[in-house]
Structure formats: C-alpha cells, structure tokens
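Visitor:
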Amino acid sequence: MTRSDEIDRRALVAGGLSLGLGLALAAPDAHATQGGVDAVLKKLTGGNTPQSGRISIDLPPITESGNSVPLTFDVQSPMSADDRVRSVHVLADGNPNPEVAVFHFGPAMPRATGQLRIRLAQSQNVVVVALMANGEAFVARREVKVTIGGCAG
Amino acid sequence: MSATPQPRVRMPATAKAGEIVEVKLLLSGHDMESGQRKDKDGRAIPRKIVNQLVVSFEGEEMLRVEMFPAVAANPYHAFFVRVPKSGIFRFSWRDDDGTIYNAEHKVTVG
C-alpha cells in the first residue's frame, strides 16, 4: 500500500479509538460541500439547467475505502468539428472541495471517455458535467457508499 | 518522502493510419498529498499534488486534465486517441512545486 495509508492508520491508532470515532462522526457535517457542487455547476453552465442523458458513469455503488475509487465516464458524441465535447468536469458533493478533475478534450480526440481513480471522504454523489462545443451542458450523478473515508485522518 | 515519481505509459507501438487506440498512464510513486491531513503532532501536512496532465502528439495538444486533491495517489488515467500518422506522443505531469515529469511514446503507422 502507499505511504499515505500507513500514516492514516498510525495516526488513527495513536489517537485512540475514541478520537477516531469523534473524527468520523464530525467529518460529514464539517466537510460536506453540497452547496459547493451547485455553485460550480452554476458557474460552468452560466445558470442554465444542464440536460440529462448522453453521459454514462461507471463507478462501484459500494466501496470499502474511499482512498482510490475507480471512475470511468463516457459521453456519447460524434466528436466532429461542430458536435463535440469540449470538457468534462468531475465533481463530488461530499468532499472538502467539490472539484475532482477536469478533462479538456482537443478537437483531435476521437472519444469523450476518461478513466481515473478518485478520493471520496464519505458516502456521496459523484457528479459528471459535460460541456459541448455548441454551448449545451449535460449532467449525470451517481451515488457511492463509502465505508472508510479517503481524505483527512 | 517517496522517491521520484515514475511515469508509465501503456499504448500500442504500431497502429493503422487513423486507428483509435487506448492510452493508459500511471504516475507511480506520487502521494498526491491533499493538504487536508495532519501529522501525528497535529500540524497540517502541506498540499503537494500533480495538478495537470498534458497529452500532445507531434506538438499539438490533444488532452489536458486538471487535477484537484480528490485525485488518488499514483494518478492513473486511461483514454482514447486517434493515431493519424507515425509520430511521438508526449505526456507531461506538472507538480505543485513546479516539477514536470515527462514521458514519450513513439507510434509507427505501417
């Protein structure tokens, strides 16, 4: 495993079980960013309501650890000069910061697909937003249950 | 901290002209320190993440990925590119401290 996991584990043991429980209970409210995702969405779409559809998200529904959760997104698009995906924004509404990653697809990219591994601090919704070259916006959400968080110790 | 991160590239070495191929990238050995953790004395551990990945072919940018602290350690990416002709794909990861980790991969069309 990685070094960061070892630090987390050691800190938790050193802090004692009671402290660990205290942090776990305090974490969701202290870090939740539901409003943060809405604010980012609003900024990305200029206040217009994004459409549903076109986006598929592959994400495990339940994960034991939030440290490294595999995510694949695929946006249906011909990726032609006038009908293509310009960018895909990955957001998470229960992390300290709602932004996870942004993929900017150049005109030569054949598919608006990407795969990465993300951190989830708690059970939450992962939100994927696709911005099209013609100004349209699409959004999709997927809920993930996390047994152990992946952000702060 | 850990040793110098090692970029790893997995993609075909040959392709047909115009073929769509999958690229898998791993920056091995990078902690992606989020800036939200504390050490055992309660001091905040400063943020140090790779905040950008750029993929280019023969000098033309194809894909740019911005990353935030919610990207897991040892950042991994997979995506598809079109190979128009023989040439070199370049991959560069930019660290918070300004360090650039580079890798390149030659694809021959034949």
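Chains A and B are the protein sequences, given in the same order. Sequential numbering of the first sequence, starting at 1, is according to the numbering used here. Sequential numbering of the second sequence, starting at 154, is according to the numbering used here. Beta carbons: idealized from backbone N, C-alpha and C, even for Gly.
Can you find at least 3 beta carbon pairs, one from the stretch 158-168 of chain B and one from the stretch 209-223 of chain B, that sit closer than 8 Å?
Guide: Verdict: no, contact absent.
Visitor: Would you be able to state if there are at least three C-beta pairs under 8 Å between the stretch 61-70 of chain A and the stretch 41-53 of chain A?
Guide: They do not touch, by the three-pair rule.
Visitor: Which class does residue 38 of chain A belong to by DSSP, given the choice of helix, strand or coil?
Guide: Taking the first residue of the first sequence as 1, we reach residue 38 of chain A at position 38. Reduced to three states, the DSSP call for residue 38 of chain A is helix.
Visitor: Quick one, which of B:238, B:227, B:240 has its alpha-carbon nearest residue 254 of chain B's?
Guide: Within the second sequence, numbered from 1, the residue matching residue 254 of chain B stands at position 101. Nearest option by C-alpha distance: B:227.
Visitor: What's the gap between the Cα of residue 95 of chain A and the Cα of residue 237 of chain B?
Guide: Residue mapping note: residue 95 of chain A aligns to position 95 of the first sequence, counting from 1. Residue mapping note: residue 237 of chain B aligns to position 84 of the second sequence, counting from 1. Rounded to whole angstroms, residue 95 of chain A to residue 237 of chain B spans 40 Å at the Cα level.
Visitor: What does residue 104 of chain A pair with, by DSSP beta-bridge criteria?
Guide: Position 104 of the first sequence, counted from the start, is the residue given in the question as residue 104 of chain A. DSSP, once it has assigned bridges, lists A:87, B:217 as partnering residue 104 of chain A.
Visitor: For residue 114 of chain A, return the contacting residues in chain B, with the cut-off set at a CB-CB distance below 8 Å.
Guide: Here residue 114 of chain A refers to the residue found at position 114 of the first sequence. By Cβ distance, chain B contributes 218, 230, 231, 232.
Visitor: Counting only beta-carbon separations shorter than 8 Å, does residue 172 of chain A have a partner in chain B?
Guide: What the structure shows of chain A is the stretch from 1 to 153, and residue 172 of chain A is not part of that stretch, so it cannot be assessed.
Visitor: Output needed for residue 202 of chain B: all residues of its chain with C-beta closer than 6 Å, excluding positions within five of it in sequence on either side, in chain order.
Guide: Along the second sequence, read from residue 1 onward, the residue named residue 202 of chain B stands at position 49. 185, 222, 249.
Visitor: Identify each residue in the stretch 90-108 of chain A for which the Cβ-Cβ distance to at least one residue of chain B is less than 7 Å, and report them in chain order.
Guide: Answer set for the stretch 90-108 of chain A: 92, 95, 96, 97, 99, 100, 101, 102, 103, 104, 105, 106, 108.
Visitor: Find the nearest neighbour of residue 74 of chain A within the set A:93, A:36, A:105, judged by alpha-carbon distance.
Guide: Looking up residue 74 of chain A in the first sequence gives position 74. Ranking A:93, A:36, A:105 by Cα distance to residue 74 of chain A puts A:105 first.
Visitor: Who are the near neighbours of residue 134 of chain A in its chain, counting only those whose CB is closer than 8 Å to its CB and skipping five residues on each side?
Guide: Translated into the one-based positions of the first sequence, residue 134 of chain A becomes position 134. Answer for residue 134 of chain A: 82, 83, listed in chain order.
Visitor: Output yes or no for whether 8 Å exceeds the beta carbon distance between residue 57 of chain A and residue 139 of chain A.
Guide: Looking up residue 57 of chain A in the first sequence gives position 57. Looking up residue 139 of chain A in the first sequence gives position 139. No. Outside cutoff.
Visitor: Assuming residue 100 of chain A contacts residue 118 of chain A (C-beta within less than 8 Å), just tell me the rounded distance between them.
Guide: On the first sequence, residue 100 of chain A is found 100 positions in, with the first residue counted as 1. On the first sequence, residue 118 of chain A is found 118 positions in, with the first residue counted as 1. Yes, residue 100 of chain A and residue 118 of chain A are in contact; Cβ-Cβ is about 5 Å, under 8 Å.
Visitor: Please decide whether residue 211 of chain B counts as near chain A, where near means a Cβ-Cβ distance under 8 Å.
Guide: Here residue 211 of chain B is taken as the residue at index 58 of the second sequence, counted from 1. Cβ-Cβ to chain A under 8 Å: no for residue 211 of chain B.
Visitor: If we count the other Cβ atoms within 10 Å of its Cβ and call it buried at 16 or more, is residue 52 of chain A buried or exposed?
Guide: Taking the first residue of the first sequence as position 1, residue 52 of chain A is located at position 52. When all chains shown are included, residue 52 of chain A counts as exposed.
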